[in-house]
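Student: Numbering follows our numbering, with no gaps: position 112 of the sequence shown is 113.
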Amino acid sequence: MLYEKTIRVLYIDLAASKIEVKQRTDLSEYLGGVGIATKLLEETVKPELPPLAPEQPIILAIGAISGIFPLVTKTVAMFLSPLTGEMGESYAGGRLALALSMAGYDAVVISGKASRPSYIAIEGDTVQIKDARPIWGMDSDVVGQFLRDSEEGRGRRSILRIGPAGEKMVKFASVCVDTYRHFGRLGLGATMGSKLVKAIIVSGDNTTKIQNFKDYFRSYQEIFKSVTETDLMSKYHDLGTAINVESVSALGALPTRNLTENHFDEAEEISGEAFAEKSLVRKMACTGCPVGCIHIGQFRRKFDDGYDYESVSVAYDYELIYSLGSLLGIPKTDEVLQLIEVVEKTGMDAISAGVALAWATESLMQDIVTEEDTIVPLTFGNSENYSKAIRYLASRRNSFYEALGEGTRSAGAKFGGKDHALQVAGNEIPGYHTGYANLVGLTVGARHSHLCNAGYSVDQSLKDFDEQKAVNKLFDEELERCLLNSLVICLFARKLYNRETVLKALRAAGYPLTDDDLTLIAKRIYSTKLHLKEKLGFDPRQVQLPKRFFKTPSMQGVLDSTMVERMISQYVEKCEALLAEKI
């Protein structure tokens, strides 16, 4: 906790209904966030058991200065990913980081399996495991409404919940956090479902008095002014990440119709500008953030005869427009929003769901699977049938959707069509086909979650591509993100939170660290991750990349698989050199 040399960890054993709090002085050298979460996962994970075994843990952690500086708003979740079989790392905003801080915990470790469908209620020192049978089977949004109405703590609590996909243990099921934020990638929802945990509620009234308020306020004001009075964060507030749709398509880097194309002719129709003009009704922010990057779009849906309509609001961003828009050939904002809503209700990662359906569509076109498998004819551009298929996938309706719920890699291996299964190391790809750095970055990424090392940005930043420069940039970015994620800041603010700013913020909060200290912390965290990934059997040199990545031209043209292999080997050498330092 702040101003203390200890990390306060809440341990919840669902099988034994045992609650324990430990003060961990040994974890303080990891600073917080992903550092302590990685170490706790290393201690508690069972590599010999499958990812959904009851003994496998879920870890939630916040950073050293969570809740007291702008944009330090994220919570990290770490677990053994049921989708990839290796280390899972995911992030969510909303109120959760502040709620955990006010509940008095730096981290929560959940293990075991409840004896019946349950939800966990954490209110400061009071932790209860409650009966969730009345809400088991409900969509995510209904669960949220039920808990908001039935539980105390309005305005200061955070509510995490899963949908039917998590209960059915779809391997890429997500966890909804405070309605519009998510632990989206790598299947945390399936892990919660395997433990019969439908929801987690966190609240508390713990406050920490700032000891050196003058220095703290000065640092806070400098950061706040950089956020609100410069252009550093304006992109995220104005059109949000959806601004990337047209530009990425123009670069020839927007995966379209299962990456059979690298641009979307109708990109203008689902661009950030189009969403803003046709659909945008509200902008929201995570607690403690002045930016307001959460863009809420609205569409109308008829629910009865006689011109009876309802207005439905959902959050959208670039990745959702890619995965449920261009990748599926959907050219209308309303139809993209409708697909987002179904994914939200059922509780799946939108990226993985879109990639899975794109693979299924092309596989149907190639007669690899049949209409009997897909139940409805899946064709690019048909949002109505995709909406039905999302429900089938979430419920694992038949043997085909049962297999697809294991992930695109698994489905491709079972049915055929693995060459057009858009995944890297088991995780469905985000919305960029920029070139070598992106593909290598996704392969070697420390978490295989989402844009781990900004490879897409490295591709765009190198005017004359140089493979060694690209590898160095990927490694340096990965290392720096280990530091930033120990805080845990929103990575939209990574340019704002440079080393100088981080040091000022930490010193104002009682952490007298140097730049060398920060580098050591980053290396310590990354080394721990690499040891853990090795322990779990992961080797990036063994990753088999689908041929589609080397067939459809990228922003850099058609990619050469031998260069990718060479760059991966160079990256592994840098990792080996880091591990040899024995930090």
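Glycine is no exception: its CB is placed at the ideal position from the N, C-alpha and C atoms.
Would you say the region 237 to 250 touches the region 303 to 318, given that touching needs at least three Cβ pairs under 8 Å?
Tutor: Verdict: yes, contact present.
Student: Under 8 Å by Cβ, that's how I've got Val-128 and Ile-202 pegged, so tell me the actual separation to the nearest angstrom.
Tutor: Residue numbering aside, residue 128 sits at position 127 when the sequence shown is read from its first letter. Residue numbering aside, residue 202 sits at position 201 when the sequence shown is read from its first letter. About 10 Å; that fails the 8 Å criterion.
Student: To the nearest angstrom, report how far apart Asn-439 and Tyr-106 are at their CA atoms.
Tutor: Looking up residue 439 in the sequence shown gives position 438. Looking up residue 106 in the sequence shown gives position 105. Using only the alpha carbons, I get a separation of about 36 Å.
Student: Under the rule that 16 or more other beta-carbon atoms within 10 Å means buried, what is Asn-608, buried or exposed?
Tutor: Since the first residue of the chain shown is 2 and the last is 584, residue 608 is not available in this structure.
Student: Quick one: residues in its chain with C-beta nearer than 8 Å to the C-beta of Val-282, no 5 flanking neighbours on either side, listed in chain order?
Tutor: Position 281 of the sequence shown, counted from the first residue, corresponds to residue 282. Ile-297, Gly-298, Gln-299, Ser-314, listed in sequence order.
Student: Since Glu-152 contacts Ala-122 with CB under 8 Å, what's their CB separation in whole angstroms?
Tutor: Here the question's residue 152 lines up with position 151 in the sequence shown. Here the question's residue 122 lines up with position 121 in the sequence shown. Their Cβ separation, rounded to whole angstroms, is 7 Å, which keeps Glu-152 and Ala-122 in contact under 8 Å.
Student: Does DSSP put Arg-549 in a helix, a strand or coil?
Tutor: Within the sequence shown, the letter at position 548 stands for residue 549. Looking at Arg-549 - three-state DSSP - the assignment turns out to be helix.
Student: For Trp-183, name the three-state secondary structure that DSSP assigns.
Tutor: As a first step, residue 183 must be located in the sequence shown, where it is residue number 182. At residue 183 the sequence reads His, which differs from the Trp that was named. Three-state result, His-183: strand.
Student: What residues in its chain sit with their C-beta under 6 Å from that of Phe-147, if we drop five residues either side in the sequence?
Tutor: Position 146 of the sequence shown, counting from 1, holds the residue named residue 147. Excluding residues within five positions, the ones whose Cβ falls inside 6 Å are Ile-136.
Student: Output the distance between the C-alpha atoms of Lys-470 and Ala-581, rounded to the nearest integer angstrom.
Tutor: Within the sequence shown, residue 470 is the residue found at index 469, counting from 1. Within the sequence shown, residue 581 is the residue found at index 580, counting from 1. The alpha-carbon atoms of Lys-470 and Ala-581 are separated by roughly 22 Å.
Student: Under a three-way DSSP split, which group does Met-2 fall into?
Tutor: Reading the sequence shown from its first residue, position 1 is the one you call residue 2. Coil.
Student: Short of 8 Å in beta carbon distance, which residues of its chain neighbour Asp-517, apart from the five on each side in sequence? Order them along the chain.
Tutor: Numbered from 1 along the sequence shown, position 516 holds the residue referred to as residue 517. Answer for Asp-517: no residue qualifies.
Student: Answer yes or no: do Ala-422 and Lys-530 have a C-beta to C-beta separation smaller than 8 Å?
Tutor: Along the sequence shown, one-based indexing puts residue 422 at 421. Along the sequence shown, one-based indexing puts residue 530 at 529. Against a cut-off of 8 Å, the Cβ pair of Lys-530 and Ala-422 comes out as no contact.
Student: Ala-166 to Ile-211, Cα distance in whole Å?
Tutor: Your numbering for residue 166 matches position 165 in the sequence shown. Your numbering for residue 211 matches position 210 in the sequence shown. Between Ala-166 and Ile-211, the C-alpha separation is close to 43 Å.
Student: What does the alpha-carbon distance come out to for the pair Arg-162 and Val-178?
Tutor: Here residue 162 corresponds to residue number 161 of the sequence shown, with the count starting at 1. Here residue 178 corresponds to residue number 177 of the sequence shown, with the count starting at 1. Their Cα atoms are separated by approximately 7 Å.
Student: Quick check on the DSSP output: the alpha helix (DSSP H) that includes Thr-242 runs from which residue to which?
Tutor: In the sequence shown, counting from the first residue as 1, residue 242 sits at position 241. Looking at the DSSP string, Thr-242 is not in any alpha helix (DSSP H), and its letter there is neither H nor E.
Student: Going along the chain, which residues of its own chain have a beta-carbon closer than 6 Å to the beta-carbon of Thr-62, five neighbours each way excluded?
Tutor: Mapped onto the sequence shown, residue 62 falls at position 61. Just to set this straight, residue 62 is Ala in the shown sequence, not Thr. Contacts found: Gly-34, Ile-37, Ala-38, Val-77, Ala-108.
Student: One question on the structure: do Ala-200 and Val-292 come within less than 8 Å of each other, judged by their Cβ atoms?
Tutor: If you number the sequence shown from 1, residue 200 lands on position 199. If you number the sequence shown from 1, residue 292 lands on position 291. No, they are not a contact pair.
Student: Compute the beta-carbon to beta-carbon distance between Ile-376 and Arg-398, rounded to the nearest angstrom, for a pair I have assumed lies under 8 Å.
Tutor: Locating residue 376 in the sequence shown gives position 375, counting from the first residue. Locating residue 398 in the sequence shown gives position 397, counting from the first residue. Sure, about 7 Å apart at Cβ, within 8 Å.
Student: For Glu-16, collect the residues of the same chain with a Cβ closer than 7 Å to its Cβ; drop the 5 residues on either side in sequence, then sort them by chain order.
Tutor: If you number the sequence shown from 1, residue 16 lands on position 15. Before going on, a small fix: residue 16 reads as Ala here, not Glu. For Ala-16, where only same-chain residues beyond five positions count, the Cβ hits under 7 Å are Pro-55, Gly-113, Lys-114.
Student: Using beta-carbon positions only, say whether Ser-141 and Gly-164 come within less than 8 Å of one another.
Tutor: Along the sequence shown, read from residue 1 onward, the residue named residue 141 stands at position 140. Along the sequence shown, read from residue 1 onward, the residue named residue 164 stands at position 163. A contact, by the Cβ cut-off of 8 Å.
Student: Relative to the C-alpha of Glu-90, which candidate in Asn-259, Arg-25, Cys-453, Glu-247 has its C-alpha closest?
Tutor: Walking along the sequence shown from the start, residue 90 turns up at place 89. Cα-wise, what sits closest to Glu-90 is Cys-453.
Student: Name the DSSP bridge partner or partners of Met-285?
Tutor: To locate residue 285, count along the sequence shown from 1; it is residue 284. Note: Met-285 sits in a beta bridge opposite Ile-295.
Student: State the beta-bridge partners of Ser-204 as determined by DSSP.
Tutor: As a first step, residue 204 must be located in the sequence shown, where it is residue number 203. Paired residue(s): Glu-124.
Student: Whose CA, out of Pro-83, Lys-548, Ser-400, lies closest to the CA of Leu-189?
Tutor: Locating residue 189 in the sequence shown gives position 188, counting from the first residue. Residue Pro-83 is the option with its Cα nearest to Leu-189.
Student: Excluding the 5 residues flanking Ser-29 on each side, which residues of the same chain have their C-beta closer than 7 Å to its C-beta?
Tutor: To locate residue 29, count along the sequence shown from 1; it is residue 28. Excluding residues within five positions, the ones whose Cβ falls inside 7 Å are Lys-6, Thr-7, Ile-8.
Student: Report the residue ranges of all alpha helix (DSSP H) runs contained in full by the region 430 to 454; include only those spanning at least 4 residues, in chain order.
Tutor: The region 430 to 454 contains these whole alpha helix (DSSP H) runs: 437 to 445.
Student: Could you pull out every residue in the same chain whose Cβ sits closer than 6 Å to the Cβ of Gly-348, ignoring the five residues on either side in sequence?
Tutor: In the sequence shown, residue 348 corresponds to position 347, counting from 1. Result list for Gly-348: Ser-141, Ile-163, Gly-164, Ala-166, Gly-167, Ala-174, Ser-175, Gly-190, in chain order.
Student: Could you check if Glu-363 is buried or exposed, using at least 16 other CB atoms within 10 Å of its CB as the buried criterion?
Tutor: Numbered from its first residue, the sequence shown carries residue 363 at position 362. The residue is buried, with at least 16 neighbouring Cβ atoms inside 10 Å.
Student: On a Cα-Cα basis, can you pick out the residue from Thr-553, Ala-361, Glu-574, Tyr-527 that is closest to Lys-40?
Tutor: Looking up residue 40 in the sequence shown gives position 39. Nearest C-alpha to Lys-40: Tyr-527.
Student: For Ile-522 versus Ser-487, is the C-beta distance shorter than 8 Å?
Tutor: Counting from one through the sequence shown, the residue named residue 522 turns up at place 521. Counting from one through the sequence shown, the residue named residue 487 turns up at place 486. Contact: yes.
Student: State the start and end residues of the unbroken beta strand (DSSP E) segment that holds Asp-232.
Tutor: In the sequence shown, the residue the question calls residue 232 occupies position 231. Note, Asp-232: premise wrong, no beta strand (DSSP E); not H, not E.
Student: Return helix, strand or coil for Lys-588, following the three-state DSSP convention.
Tutor: This structure does not reach residue 588, given that the chain is present from 2 up to 584, and the question cannot be answered.
Student: In chain order, what residues of the same chain have a beta carbon less than 7 Å from the beta carbon of Glu-478, not counting five sequence neighbours either side?
Tutor: Translated into the one-based positions of the sequence shown, residue 478 becomes position 477. So the list reads Asn-454, Ala-455, once near-sequence residues are dropped.
Student: Thinking C-beta only, is Lys-169 closer than 8 Å to His-238?
Tutor: Taking the first residue of the sequence shown as 1, we reach residue 238 at position 237. Taking the first residue of the sequence shown as 1, we reach residue 169 at position 168. Result no, Cβ atoms of His-238 and Lys-169 do not sit closer than 8 Å.
Student: Comparing alpha-carbon positions, which option in Gln-545, Arg-500, Arg-495 lies nearest Ala-414?
Tutor: Translated into the one-based positions of the sequence shown, residue 414 becomes position 413. Closest by alpha carbon: Gln-545.
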